[in-house]
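Number of protein chains: 2
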Amino acid sequence: MLLLALAIVPLAAQGPRRASLILSGGIVITMDGGHRVLRPGAVAIEGSDIAAVGSPAEIAEGYTGEVIDTTGDIVLPGLVNTHGHAPMVLYRGLADDLALMGWLQKYIFPAEAKTVSPEMVRIGTRLAALEMIQSGTTTFTDMYYFEEEIAAVAREAGLRGVLGETIIKFPAPDARSPAESLARAEAFIGTFRGDPLITPAVAPHSAYTLEKDTLLACRDLAVKYAVPMLVHVAETEDEVKIIREASALTPVGYLESIGFWAPRTVAAHGIWVTDADIAILKARHVGVSHNPESNMKLASGVAPVPKYLAAGVALGLGTDGAASNNDLDMFEAMRQAAFLHKLESRDPRAVPAPAALDLATMGGARVLGLEAQIGSLEPSKRADVIVVGTNRARQTPLYDPVSQLVYATHGDDVKTTIVNGRMLMKDRRVLSLDEPRVLDEARQFSAKVRDAVRP
Amino acid sequence: MLLLALAIVPLAAQGPRRASLILSGGIVITMDGGHRVLRPGAVAIEGSDIAAVGSPAEIAEGYTGEVIDTTGDIVLPGLVNTHGHAPMVLYRGLADDLALMGWLQKYIFPAEAKTVSPEMVRIGTRLAALEMIQSGTTTFTDMYYFEEEIAAVAREAGLRGVLGETIIKFPAPDARSPAESLARAEAFIGTFRGDPLITPAVAPHSAYTLEKDTLLACRDLAVKYAVPMLVHVAETEDEVKIIREASALTPVGYLESIGFWAPRTVAAHGIWVTDADIAILKARHVGVSHNPESNMKLASGVAPVPKYLAAGVALGLGTDGAASNNDLDMFEAMRQAAFLHKLESRDPRAVPAPAALDLATMGGARVLGLEAQIGSLEPSKRADVIVVGTNRARQTPLYDPVSQLVYATHGDDVKTTIVNGRMLMKDRRVLSLDEPRVLDEARQFSAKVRDAVRP
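Read top to bottom, the protein sequences are chains A and B. Each residue of the first sequence is one higher than the one before, counting from 1 in my numbering. Each residue of the second sequence is one higher than the one before, counting from 456 in my numbering.
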């Protein structure tokens, strides 16, 4: 409470300050260093930032402005999704329950070859943004094609994004070669650097789909512009086999051997890692994005989450693309992380609810190198805040708000979503996107996808 | 379509019949023997029964009556929950992430000792019924105390239930001894036999919490009245150890050795079973209730679902009580079953979406011995039907309705719930229970629970 007092006391002497928005009366889960939970609490927002967090009385004393009554609700930091491919929502449920290679070769690759275009990326990302806003995700991480379209939609929708143009050795929908992708990636970084919502990144697809020179060119680009690097690492046993045959090393060991790591690398999946690999990831400050639902549905394996946590590796949660999950609901990712590692470790104490919520908020922020800006409700951080209703039968009674968020809450329970101080959804009404139009355009586009995979 | 034609053609000659309700225009997933999916389809209900299933034109020709337009929705059989303890919703989230013995001894047992009463059971079951109606469960299976109160609430709420008074060797909230429980169980059966909604059952708690004589007395009761028997079997490794030390047999082997099985026994969990055990369960027509969420959260283990399916054991899904899950949403149970066994078998083809949906409908009906009455939309079965909306961003686009139900649908998407021809919820408004009052009474009661576990 010391910081808060420092923030408020000098103001009180000058009379209350004008806040752009005050959320007051709910249970406020701050996710700050002290894991403070205020019952009740209040949050004052000034422009894009959180001005103060305290009791309703403290905030009322320090601030005037529009007040949203959050009595009976839970107020918490917006959720941070550390891995995904937003436009792939257009392939959601197109083909499930198939062996990986058949799924990719008969459905996903043909669908991508025939339908990925700037238009598809816009339509898909709007649908994904709608789903994310409706389920309380305020920051998403993305690697796909035509990433500039994704960034434009993120701005329009008001979402925060860490976005990277995918670089891969095969001809891609938006580039004939890795060199062309690299040029696109550099142009993308130039366009979006300094954007209040978009953090541009470099996104080499993986160690097994890129040559060493391109991997290192990606790293150089990330270092040159001081941007994050997004990469798939150790997702499948096949990947391990390919890398091992070529280098006699693990995927992490191989990337270490070539000096791949940039100052902020985000490794998606990180399933097939040894203890030595975990030590490398820790030493190189690599963040790991854990995607429990995708890893289960595609039968990829189980990331050693308790080991990552014990080693102090920066760890966050991701949904992966909706073709392999099949949704973007971070509440499900939290519950699944808690469930999966209890089962895997045969210990019901593994990944308790507070740890799962930390992964989806501060953990994700750390993975993305944004821990000074987002991930908790603290003065001077960006105002990325969600309000979650608690009045459904499924959520009754309410003993422990953190447990309830992880074990009984759905994305659909999110009432209000605020990013960078802007209200994107209020009482379930999305304000930044035209919901019926977004859904309608996605449905119309889905006919093209269906045609693309027709035998 | 032959059966339908037989049902309709003679009627057309006499002019259309009066239906009490017609659901027309949606995608109808019948779960019948041919796994017919009608796009679009219609269902005519007469009183408590399904009169006909066909195309909207066929049904319009054969039936008049109130029509609910289900265009854009999915119409399917109500979901069948094969294991749970309804009143335990009042302990939902009371204490999570604890080692099993500490959880039971510090929280669940004290809470039960101090708070289980007819009033608690009524309040809790109303809350559970509300949640089940809202999430599309139309039949639930239950073993708890004061089971007559649960049956009374099920009737009031309009839910179908297979309900058994728990018999356990310790003094219970409603009986000082197993003999007293057995007497209560017999009285319960006498009261509810022949009820259109309630199937009374006998519910011996488990092989490790009952003596042989009581187990056999339970079986005799089930045989005498031709009712199902509900029992926990092979849920934890501790249970296996206890039984093995006493008998040198597995839990299933021990129950086989004493001749425990009744003609319709429902074994909840069935995790720690050998191939020989599976063969016994198959030979004795024992149905197995698989509870993937509870088994993950409590770190109990993984039931060998692909083996059960391959062996032809009757298999259904359950949520278990909300103290160990933490909700009663059968859509989550379906998704979790599909995810868990893909991961466990390292095969993304394991438990595909149609198999998961079958477990939650016809599979559950078979487990309970009710396959002639419920589990599919077929003429002359009871009208247990749910209507699921598909228009959220999370559910868009819609390629395959069965995949979408399993991988992208929540209980909250259920719009309308009909049991035995009675509309329990219409457009999310619950008609058979006073929702605000049910929630309010549960919240008030939760203070007593909190006090009961205060250190």
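Where a beta carbon is used, it is the ideal one built from N, C-alpha and C, also for glycine. Nothing here was measured: the structure is a model prediction, and the numbers come from that model.
A Cβ of chain A is located within less than 8 angstroms of the beta carbon of G548(B). Under the 10 Å beta carbon count, P626(B) is surrounded by fewer than 16 other beta carbons and is classified as exposed.
A straight-line Cα-Cα distance of about 15 angstroms links A303(A) and R335(A). Secondary structure note for F900(B): its alpha helix (DSSP H) is the uninterrupted segment 890-907.
Where A201(A) is concerned, the enclosing beta strand (DSSP E) starts and stops at 198-204. Here E602(B) is near F643(B), since their CB atoms are less than 8 angstroms apart.
If only complete runs of 4 or more residues are kept, the region 171-248 of chain A shows the alpha helix (DSSP H) at 178-192, 212-225, 237-247, in order along the chain. Counting along the chain, E119(A) sits inside the alpha helix (DSSP H) bounded by residues 118-134. Contact between G161(A) and L197(A) holds: their C-beta atoms lie close to 7 angstroms from each other, under 8 angstroms.
With 16 or more other Cβ atoms inside 10 Å of its own Cβ, R382(A) counts as buried.
Of the candidates A662(B), R719(B), H724(B), A731(B), the residue whose Cα lies closest to the Cα of I713(B) is A662(B). For chain B, the residues of the region 389-404 of chain A that bring a beta carbon within less than 8 angstroms of one of its beta carbons are N391, R392, A393, R394, T396, P397, L398, Y399, D400, S403, Q404, in chain order.
For G616(B), the pairing in a beta bridge is given by DSSP as F595(B), I653(B). Not one beta carbon of chain B lies nearer than 8 angstroms to the beta carbon of F140(A). For A99(A), at least one C-beta of chain B is nearer than 8 angstroms to its own C-beta.
A direct Cα-Cα distance of roughly 9 angstroms separates P542(B) from V571(B). Taking the C-beta atoms as reference points, V695(B) is found nearer than 8 angstroms to T705(B). Relative to E332(A), the option among M101(A), T409(A), D32(A) whose CA is nearest is T409(A). For the options L879(B), I578(B), G771(B), the alpha carbon positioned closest to that of E826(B) is the one of G771(B). Within chain B, no residue has its CB atom less than 9 angstroms from the CB of L309(A), the nearest being about 14 angstroms off.
Comparing alpha carbon positions, the residue from V576(B), T872(B), D629(B), A765(B) closest to F900(B) is V576(B). Take the alpha-carbon of R92(A) and the one of A848(B): they are about 11 angstroms apart. Among the residues of the region 882-907 of chain B, those with a Cβ less than 8 angstroms away from any Cβ of chain A are E890, V893, L894, A897, R898, F900, S901, V904, R905, in the order of the chain. Below the 8 angstroms Cβ cutoff, chain A contributes F339, L340, K342, L343 as neighbours of M751(B), in chain order. By the C-beta density criterion, G539(B) is buried, having at least 16 other C-beta atoms within 10 angstroms. D412(A) and D867(B) do touch by the CB rule: their CB atoms are close to 5 angstroms apart, below 8 angstroms. In the three-state scheme derived from DSSP, where H, G and I count as helix and E and B as strand, A820(B) is classed as helix.
In this structure, E692(B) sits near G756(B), with a CB-CB distance shorter than 8 angstroms. Listed in chain order, the positions of the region 345-364 of chain A with a beta carbon within less than 9 angstroms of a beta carbon of chain B are S345, R346, D347, P348, R349, A350, V351, P352, A353, P354, A355.
Using a Cβ distance threshold of 8 angstroms, P401(A) and L545(B) do not count as a contacting pair. About 6 angstroms separates the beta carbons of I733(B) and Y763(B), which is inside the 8 angstroms limit, making them a contact pair. Annotation: T361(A) to A217(A) spans about 31 angstroms, alpha carbon to alpha carbon.
A check of alpha carbon separations from R429(A) across L38(A), I150(A), D142(A), Q134(A) identifies Q134(A) as the nearest.
In the DSSP secondary-structure assignment, H83(A) is not bridged to any residue. Beyond the five residues adjoining it in sequence on each side, E149(A) comes within less than 6 angstroms, by CB distance, of P118, V121, R122 in the same chain, given in chain order. If you compare the alpha carbons of V227(A), S177(A), D329(A), G158(A) with that of E131(A), the shortest gap goes to D329(A).
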